[in-house]
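Working notes, beginning with the structure itself.
Number of protein chains: 2
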Amino acid sequence: MNNPYETLDILITGGTLLTMEPPGDIVADPVIGIRDGRIIFVEEGGATRGELPEAREVLDASGCLVMPGLVNTHTHLPMVLFRGLADDLPLMRWLNDHIFPAEERFIDRETVYAGTQLAIAEMILSGTTTFCDGYFFESSVARAAVEAGMRGLVAQGFIDFPAPDRQSSAEKATVAESFVENWRGRSPLVTPALICHSPYTCSPETLRSIKAVARRTGVAFLIHLAETREEVRMIRERYGKTPVRHLADLDLLDENTIAAHCIWLDENELDLLAEHKVKVAHVPESNMKLGAGVAPVPAMLSRGIAVGLGTDGCASNNDLDLLGEMRMAAMLHKVFSADPTVMTAGKVVEMATSGGARVLGMEDRIGSVIPGKEADIILVDMKRPHLTPLYNPFSHLVYAASGADVAASIIGGRIVMKDRRLLQLNLAAIMPEVRRIGKQVVQAGFHRPASPFRSDPIRE
Amino acid sequence: MNNPYETLDILITGGTLLTMEPPGDIVADPVIGIRDGRIIFVEEGGATRGELPEAREVLDASGCLVMPGLVNTHTHLPMVLFRGLADDLPLMRWLNDHIFPAEERFIDRETVYAGTQLAIAEMILSGTTTFCDGYFFESSVARAAVEAGMRGLVAQGFIDFPAPDRQSSAEKATVAESFVENWRGRSPLVTPALICHSPYTCSPETLRSIKAVARRTGVAFLIHLAETREEVRMIRERYGKTPVRHLADLDLLDENTIAAHCIWLDENELDLLAEHKVKVAHVPESNMKLGAGVAPVPAMLSRGIAVGLGTDGCASNNDLDLLGEMRMAAMLHKVFSADPTVMTAGKVVEMATSGGARVLGMEDRIGSVIPGKEADIILVDMKRPHLTPLYNPFSHLVYAASGADVAASIIGGRIVMKDRRLLQLNLAAIMPEVRRIGKQVVQAGFHRPASPFRSDPIRE
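Protein chains in written order, with my numbering: chain A, 1 to 460; chain B, 1001 to 1460.
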């Protein structure tokens, strides 16, 4: 089956390969063979060998970095619909006057599908090949992913106050179970999961019952955790303990729990996360923009906690560009610790690739470019003025590249983007549909207009 | 001369105009006439009027933001040659083992010219139309700017230890004076200026003599100020006072002094800067990447201090993308002050345009799109997935756009970039020359290789 002499689906030649396994590994002038969705071989020195193996499609990566596709470990894709809806506001006014009412009114099966399509387009164009999403109407997210050829961990969301999908408390476990059963094994691209919003918006009963379904069905359990000081205050008031201790006492922490944010942790909570092998999604831009705080990532890494990078939803970021998030992560921790040696470029690239795969429990399938793994590979074009000269590829990826430098993307052995053109998505249909929803949001009065202003800035 | 019926050089129609004068002003569907390097008229409602005025070239800005070109108030352009040379190192090892030896060996009249050409290409491609540079061999920088049609405040550099241009102490004032005389009035694009590196690398005599030349010739005086805690310690030890007080006592502070960084200031120093009307260049990415600290920008703004944004040189950033710098500025101050309402998107756009013009003393000529000003205008393409939908243009510029979204650029009434193609620079000649210099730097052993690595990642 893995006979290297059989005709390949894709052959990548040239450029410089960052395999990410081991993390600092660099292969000059590689030849990479892909067949049946998988990486068949990775060899060095393409230019010096004679005949190349036969392949249906050859990608010339000269002047490019070849590397694993980026893994976004925390987002809420449909929130692209509210991108820039209301910024620079106090957190509670932002949520209560803009985001929550807009979600209540505009989030449904169809808008989630439309928003996810746009989000997937944006992710593919900026180098992400796997996302981890948590929101409502997640079947629409899964459907959009399969159609677009995008890989995702797709988590149906649960919260105790009325959500757009209006589940009753009694229904939650059933909805969770049937979502998982419905999507498990249906597509190699979609892995179902479950997310409880947070310890302060979900009761202990809700948390326990959803985690029980996750355990029973063997899927990941996601949660926002220790994002704000206000959350810590609330949990202490209600339960007399810190948020991580609260979850530990409810038996929610294990290696299939992925916690996002994790900012306000004491030493004991860091130890609890490490001990229970909880995975962490670090989302620096959202934390910065909302003034939430700085997660103690260097302390997590030194305890061996698996940490990936995420963008969060577009209402609080406001884009899905993981390369930007990588830069932010490196720079934020350097200034916050007054130490330019923390969060090196290589470590950050690892967090965005193999580290992210580990957070999602997918490290056996994706996250590095080695034979046997599924072929999730991107080409980053280094032949650009802002990436010249090139001394160190890790450094350029983190400190100078942006999503717009990604030249091609392969997911599961299928080319989904080439020369900045999307091959599986029709932007000409997706963008007008999202603009139409955006206009309705404006008409409903939920946006915060630029001020002072003469006329509405939204134009087709 | 300004007869609006005369044939125009350029007519811009459509899109949405951010005039930046007043700062929040938005003109829907504008018509902008440009002739003889200047903006002749700005009108609303292009689609509803009948015949358009005659023009040699019409730029269709449909779906774009039209706005003043960005102003980079602090950089060292030729340092693109050392972009990513050595990152994630302690400051002193970075400087002493990599940057200083590389400068000593490779910085001369010709490498400065080549590096500046590449830097100008990168700046134009990312929306910057005016830079403020300080380095050695600045005549080469000025020459490259004039040839490329780029606007710049070009400051010849002075430092007390041996610099690549090897001036003796006695020569400094003479060199300064002849640099200014040589470039004053020679091109509308180049404004000469002088920079002393810092209070810790320049003696009081050097500082006083260069500032005296600046005063006599009426040009701006630049300096790095209060960048690190170590600098504050050194100045206290040597002079028994804080850095700003030290400069105030030397009579260096006035409205023609532009101070970069300004991180470690006490209340008294903030008052001194405000009182003397000193202008400040804020360079958040460099400050973050080097772990230097966070400048008290909200406190500066509340005192009425003029603050612009800068990228710093590419050895410490590592690019010249001001849109990225805008995002960093907004997000850094929100998280640092735990307040999402500080440094709003509108304020940050102002800092990068009209505010930057004020810092450089050019506010009568550039920084906004109003009749009478020189025509420095950019078009930012909003028809992109990551900029959809569009609720608020200021928000998108700061939180979602990147330099790669800039579609066209006009400097002094001349189109220098259109549809991402540079019209005045030949990248096909510039990039190989910079790569050639980069290879020499690697051969000299001054770079920090990616590690572990199998082979040198630099490839043509």
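From the three backbone atoms N, C-alpha and C, an ideal C-beta is built for every residue, glycine too.
| field | Residues bridged to B:PRO1068 (per DSSP) | value | B:ILE1377
| Around the Cβ of A:PHE446, are there at least 16 other Cβ atoms within 10 angstroms (buried) or fewer (exposed)? | buried
| field | DSSP bridge partner residues for A:THR311 (one or two, in chain order) | value | Answer by DSSP bridge pairing: none, since A:THR311 is not bridged.
| said: So B:GLU1122 contacts chain A; which residues on that side make the cut at Cβ distance below 8 angstroms? | reply: PRO385 and HIS386
| C-beta neighbour in chain B for A:HIS447, strict 7 angstroms | yes
| request: Please list, in chain order, all residues of the same chain as B:GLY1152 whose beta carbon is under 8 angstroms from its beta carbon, the five residues on each side excluded. | output: THR1130, PHE1131, CYS1132, ASP1133, VAL1141, ALA1142, ALA1145, LEU1189, VAL1190 and THR1191
| Less than 7 angstroms separating the beta-carbons of B:THR1019 and B:SER1395? | no
| request: Please name the residue, chosen from A:LEU118, A:GLY115 and A:THR128, that lies closest to A:GLY412 on a Cα-to-Cα basis. | output: A:THR128
| request: Verify the CB distance criterion: does B:THR1353 have a CB-CB separation below 7 angstroms to chain A? | output: no
| task | Go ahead and label A:ARG421 buried or exposed: buried means 16 or more other beta carbons lie within 10 angstroms of its beta carbon, across all protein chains shown. | result | exposed
| said: As a quick exercise: from A:GLY14, A:ALA329 and A:GLU269, pick the residue whose alpha carbon is nearest that of A:SER286. | reply: A:ALA329
| message | Contact criterion: CB-CB distance below 7 angstroms. Does B:TYR1135 meet it with respect to chain A? | response | no
| query | Between the C-alpha atoms of A:LEU309 and A:ARG109, what's the straight-line distance to the nearest angstrom? | reply | 28 angstroms
| Going along the stretch 265-290 of chain A in order, which residues come within less than 9 angstroms of chain B, judged by CB to CB distance? | PRO284, GLU285, ASN287, MET288, LYS289 and LEU290
| request: Kindly examine the ligand GDP and report whether one of its heavy atoms sits closer than 6 angstroms to the Cβ of A:VAL232. | output: For the ligand GDP, the structure offers nothing, since it holds no ligand at all.
| request: Go through its chain and collect everything with a Cβ distance to B:ARG1454's Cβ below 8 angstroms, but skip five positions before and after it. | output: Here the model assigns B:ARG1454 a pLDDT of 38, short of 50, so the residue's position is not dependable, and the following value carries that caveat. Closer than 8 angstroms at the Cβ level, and outside the excluded window around B:ARG1454, lies no residue.
| said: For B:ALA1061 and A:ASN268, I'd like the C-alpha separation in whole angstroms. | reply: 56 angstroms
| task | Tell me where the alpha helix (DSSP H) around B:ARG1233 begins and ends. | result | 1229-1239
| Per DSSP, cross-strand counterpart(s) of B:PHE1041 | B:GLY1033
| request: Using a Cβ-Cβ cut-off of less than 7 angstroms, list which residues of the stretch 137-161 of chain A approach chain B; keep chain order. | output: none
| query | Nearest chain B C-beta to A:LYS373 closer than 7 angstroms, yes or no? | reply | no
| request: Would you verify that the beta carbon of B:TYR1113 is, or is not, closer than 7 angstroms to some beta carbon of chain A? | output: no
| task | Determine contact between the stretch 357-376 of chain A and the stretch 315-328 of chain A, defined as no fewer than three beta-carbon pairs at a distance below 8 angstroms. | result | no
| message | Using 7 angstroms as the threshold, is the C-beta distance between B:ARG1303 and B:ALA1259 below it? | response | no
| message | At the 7 angstroms Cβ level, is A:LYS334 part of the contact set with chain B, yes or no? | response | yes
| task | Along the alpha helix (DSSP H) that carries A:GLU267, what are the first and last residues, could you check? | result | 267-275
| Proximal residues of chain B, C-beta to C-beta of A:ASP339 below 9 angstroms | PRO1090 and GLY1291
| query | Using the C-alpha atoms, what's the distance from A:GLY361 back to A:GLU255? | reply | 9 angstroms
| Should A:THR48 be labelled buried (16 or more other beta-carbon atoms within 10 Å of its own) or exposed? | exposed
| Cα-Cα separation, B:SER1337 to A:ALA86 | 20 angstroms
| DSSP three-state assignment for B:ILE1010, whether helix, strand or coil | strand
| said: Once DSSP output is grouped into helix, strand and coil, what is the label at A:PRO199? | reply: coil
| query | Is there a Cβ from chain A that is less than 7 angstroms from the Cβ of B:MET1001? | reply | Low confidence applies to B:MET1001: its pLDDT is 45, below 50, so where it sits in the model is not reliable, and the reading given next is rough at best. Not one chain A Cβ lies under 7 angstroms of B:MET1001.
| request: Would you list, in chain order, the members of the stretch 381-413 of chain A that have their beta-carbon closer than 7 angstroms to a beta-carbon of chain B? | output: PRO385, HIS386, THR388, PRO389, LEU390, TYR391, ASN392, PRO393, PHE394, SER395, HIS396, TYR399, ALA400, SER402 and ALA404
| Under a CB-based cut-off of 7 angstroms, is B:THR1344 close to chain A? | yes
| task | Using a Cβ-Cβ cut-off of 7 angstroms, state whether B:MET1067 counts as contacting chain A. | result | no
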